[in-house]
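A.B. asks: The following block contains the structure, expressed as structure tokens.
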Ligand SMILES: Cc1ncc(COP(=O)(O)O)c(C=O)c1O
């Protein structure tokens, strides 16, 4: 399970959000930002140019950095070099997919072979399509049939459609704070539990007629919702808890959800976009010990190669997504020109092989445990209420703990902005120490994060902690 007991994590989250935010000393923050500006002059120029053509100057939420985004020149192993010639130790890992390290020579070689043979895609089946599916099923026995798709978002979207076709029911329940991509129906109750439609601009209210959420880890609320809704097609979960475990799951919760789903003839959808291969070779379902009806795979399944995603599940359920034109049978319509292209399927097949052969998941997990243990020692040393834990190769470190806020609490609700801002400052302080993280609060590890690299990171975070008021 996680490196820290659930009850302890909850108590620590409560402790952080119930006390005033611990901030950087103003003069230290000023120096951090000044150095960032000075060290990344070329990235700044790139950003100024990009923002004239790209809305906001940055394409991806992950790439957002304060005070401005950085531009890469080269990435290799567990490092990222910016166009300013600054070498950053990389814990972004593309938001999860990289477990073998960047540009793993064996994997690159295999993908290049496909490109040389046939280019990126051509529209008929290639052998890698079923080879990769067989490999995926080997690790995920609940996935008797697999359909390749192009992104986590569209796979989540298809999963709920499949559940509705198969069960003939309409309601879908998610857990507050969880992320299942950005399709209309699933941009609901994101990031901070209870925020419901806060992020759903541009999506008509009626779209959510059959979508609802329950508070994290609240099996009682879920049971009540089953009674209220009656016809629930599916419950969809992030196995580690919302935001890849930033809102940690109670270890028994997933199994309890499975049992409730069975009692109600409802499908359980396990969103394995971040858990597959990173948490465990068999994902969240193997780690926590439950059997979903449908599983979602995304970016990690292709080790970061584009257009990698898949829906897997029970054969009878997956029959609803058989390809073909018309025929009158009840189908869950889906498509995707680039889905199952040979390049991505080869990347998926070889990535799974290499991760298994090298034991990369376990090695990355050990690096993550070392990091999170070291961080807790540092936080204790400086008497900070902050804390860290890891689920396999995903390390969370809560400082301002924005995801832990209770938005119905009149004291905590209004703190979202300043606590988010602090995470941006933390991101900048990490870059100042030549470390790149996910939003100043998460680290993904890979098998190349050696003990020396981890220990150096811990020392650098020690330096950051000295800059806190
Ligand atoms: C749990 C989860 N589901 C779905 C998605 C969406 O995947 P994609 O970005 O490929 O659309 C993500 C993305 O990070 C995710 O973490």
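Residue numbers (the numbering used here): 3 to 471.
Even glycine gets a Cβ: it sits at the ideal position worked out from N, Cα and C.
#1: How is the beta strand (DSSP E) around residue 176 delimited, first residue to last?
#2: What separation, rounded to the nearest whole angstrom, lies between the Cα atoms of residue 94 and residue 331?
#3: What number of angstroms, rounded off, separates the C-alpha of residue 335 from the C-alpha of residue 199?
#4: Buried or exposed for residue 2, going by 16 or more other Cβ atoms inside 10 Å?
#5: Within 10 angstroms of the Cβ of residue 137, are there 16 or more other Cβ atoms? Answer buried if so, exposed if not.
#6: Cα-Cα, which of 402, 83, 205, 260 is closest to residue 248?
#7: Out of 463, 341, 318, point me to the one whose CA is closest to residue 167's CA.
#8: For residue 471, which three-state DSSP category applies?
#9: When DSSP builds the beta bridges, which residues end up paired with residue 392?
#10: Taking the alpha carbon of residue 235 as the point to measure from, which residue in 175, 182, 465 has its own alpha carbon closest?
#11: Should residue 323 go down as buried or exposed, given a rule of 16 or more other Cβ atoms within 10 Å for buried?
#12: Between which two residues does the beta strand (DSSP E) carrying residue 83 extend?
#13: Given a threshold of 16 other Cβ atoms within 10 Å of its Cβ, counted over all protein chains shown, does residue 62 qualify as buried or as exposed?
#14: With distances taken from CA atoms, which of 457, 465, 421, 397 is nearest residue 447?
#15: Return the CA-CA distance between residue 360 and residue 288, expressed in angstroms with no decimal places.
#16: Could you tell me which whole beta strand (DSSP E) segments of length 3 or greater appear in the stretch 43-86?
#17: Just curious, the alpha helix (DSSP H) that residue 228 is in, first and last residue?
#18: Less than 7 Å between the CB of residue 182 and some heavy atom of ligand 1, yes or no?
#19: Alpha carbon to alpha carbon, how far is residue 30 from residue 381?
#20: Which one of 469, 96, 400 has the shortest CA to CA distance from residue 434?
#21: Could you pull the start and end residues of the alpha helix (DSSP H) that residue 352 belongs to?
#22: Using a 10 Å radius around the Cβ and a threshold of 16 neighbouring Cβ atoms, would you call residue 312 buried or exposed?
#23: Under three-state DSSP, which class holds residue 312?
#24: Can you give the Cα-Cα distance for residue 20 and residue 14, rounded to whole angstroms?
#25: With a threshold of 7 Å (Cβ to nearest heavy atom), would residue 240 be considered close to ligand 1?
#26: Consider the C-beta atom of residue 275 and the heavy atoms of ligand 1; say whether any pair is separated by less than 7 Å.
#27: For residue 444, list the residues DSSP reports as bridge partners.
#28: What is the residue span of the alpha helix (DSSP H) that residue 318 lies within?
#29: Between the C-alpha atoms of residue 113 and residue 85, what's the straight-line distance to the nearest angstrom?
#30: Within 7 Å: the Cβ of residue 300 and any heavy atom of ligand 3?
#31: Mapping DSSP to helix, strand and coil, what is residue 279?
#32: What would DSSP say about residue 405, mapped onto helix, strand or coil?
#33: Helix, strand or coil for residue 189? Go by DSSP, reduced to three states.
#34: So who's on the other strand from residue 236, going by DSSP bridges?
#35: Taking 8 Å as the cut-off, does the stretch 179-191 touch the stretch 199-213 (at least 3 CB pairs, one atom from each stretch)?
#36: Report the option in 224, 250, 124, 118 whose CA atom is closest to the CA atom of residue 180.
C.D. replies: Based on what the coordinates show:
#1: To locate residue 176, count along the chain shown from 1; it is residue 174. Where residue 176 is concerned, the enclosing beta strand (DSSP E) stretches over 173-177.
#2: Looking up residue 94 in the chain shown gives position 92. Looking up residue 331 in the chain shown gives position 329. Roughly 44 Å separates the two Cα atoms.
#3: By one-based count along the chain shown, residue 335 stands at place 333. By one-based count along the chain shown, residue 199 stands at place 197. Those two C-alpha atoms are separated by around 27 Å.
#4: Summary: the structure shown does not reach residue 2, with the chain confined to residues 3 through 471, and so no result is reported for it.
#5: Translated into positions along the chain shown, residue 137 becomes position 135. Per the 10 Å Cβ criterion, buried.
#6: The residue you call residue 248 lines up with position 246 of the chain shown. Residue 248 has its Cα closest to that of 402, out of 402, 83, 205, 260.
#7: Working through the chain shown from its first residue, we reach residue 167 at position 165. Comparing Cα-Cα distances from residue 167 to each of 463, 341, 318, the minimum goes to 318.
#8: As a position in the chain shown, residue 471 is number 469, starting the count at 1. Residue 471: coil per DSSP, three-state reduction.
#9: What you label residue 392 is simply residue 390 of the chain shown in a count that begins at 1. Answer is 397, bridged to residue 392.
#10: Against the chain shown, residue 235 aligns to sequence position 233. Minimum Cα distance to residue 235 is reached at 175.
#11: Taking the first residue of the chain shown as position 1, residue 323 is located at position 321. Buried, because 16 or more other Cβ atoms sit within 10 Å of the Cβ of residue 323.
#12: For the purposes of this step, residue 83 is identified with residue 81 of the chain shown, where counting begins at 1. Unbroken beta strand (DSSP E) run through residue 83: 81-84.
#13: Walking along the chain shown from the start, residue 62 turns up at place 60. Exposed, because fewer than 16 other Cβ atoms sit within 10 Å of the Cβ of residue 62.
#14: Indexing the chain shown from 1 puts residue 447 at position 445. Of the listed residues, the one whose Cα sits closest to residue 447 is 397.
#15: To locate residue 360, count along the chain shown from 1; it is residue 358. To locate residue 288, count along the chain shown from 1; it is residue 286. Their Cα atoms are separated by approximately 19 Å.
#16: 74-78, 81-84
#17: Taking the chain shown and counting its residues from 1, the one referred to as residue 228 is at position 226. Its alpha helix (DSSP H) spans residues 221-231.
#18: In the chain shown, counting from the first residue as 1, residue 182 sits at position 180. Indeed, a heavy atom of ligand 1 lies less than 7 Å from the Cβ.
#19: Here residue 30 corresponds to residue number 28 of the chain shown, with the count starting at 1. Here residue 381 corresponds to residue number 379 of the chain shown, with the count starting at 1. Their backbone Cα atoms lie some 18 Å apart in a straight line.
#20: Within the chain shown, the letter at position 432 stands for residue 434. Ranking 469, 96, 400 by Cα distance to residue 434 puts 469 first.
#21: Taking the first residue of the chain shown as 1, we reach residue 352 at position 350. Element bounds for residue 352: 344-360.
#22: Within the chain shown, numbered from 1, the residue matching residue 312 stands at position 310. Answer is buried; the Cβ neighbour count reaches 16.
#23: In the chain shown, residue 312 corresponds to position 310, counting from 1. Three-state result, residue 312: strand.
#24: Indexing the chain shown from 1 puts residue 20 at position 18. Indexing the chain shown from 1 puts residue 14 at position 12. Cα to Cα, the separation comes out at about 10 Å.
#25: On the chain shown, position 238 is the one that residue 240 refers to. Yes, ligand 1 has a heavy atom inside 7 Å of this Cβ.
#26: Reading the chain shown from its first residue, position 273 is the one you call residue 275. Because some heavy atom of ligand 1 lies under 7 Å away, the Cβ of residue 275 counts as near it: yes.
#27: As a position in the chain shown, residue 444 is number 442, starting the count at 1. Residue 444 pairs with 398, 440.
#28: The residue you call residue 318 lines up with position 316 of the chain shown. Unbroken alpha helix (DSSP H) run through residue 318: 317-320.
#29: On the chain shown, residue 113 is found 111 positions in, with the first residue counted as 1. On the chain shown, residue 85 is found 83 positions in, with the first residue counted as 1. The alpha-carbon atoms of residue 113 and residue 85 are separated by roughly 26 Å.
#30: Judged by which ligands are present, ligand 3 is missing from the structure shown, whose ligands are ligand 1.
#31: Your numbering for residue 279 matches position 277 in the chain shown. Three-state DSSP puts residue 279 in coil, outside helix and strand.
#32: Along the chain shown, read from residue 1 onward, the residue named residue 405 stands at position 403. Correct three-state label for residue 405: helix.
#33: For the purposes of this step, residue 189 is taken as the residue at position 187 of the chain shown. Note: residue 189 maps to coil in three-state DSSP.
#34: Sequence index remark: in the chain shown, residue 236 carries index 234 (1-based). BP columns for residue 236 point to 174, 269.
#35: yes
#36: In the chain shown, residue 180 corresponds to position 178, counting from 1. Nearest of 224, 250, 124, 118 to residue 180, Cα basis: 250.
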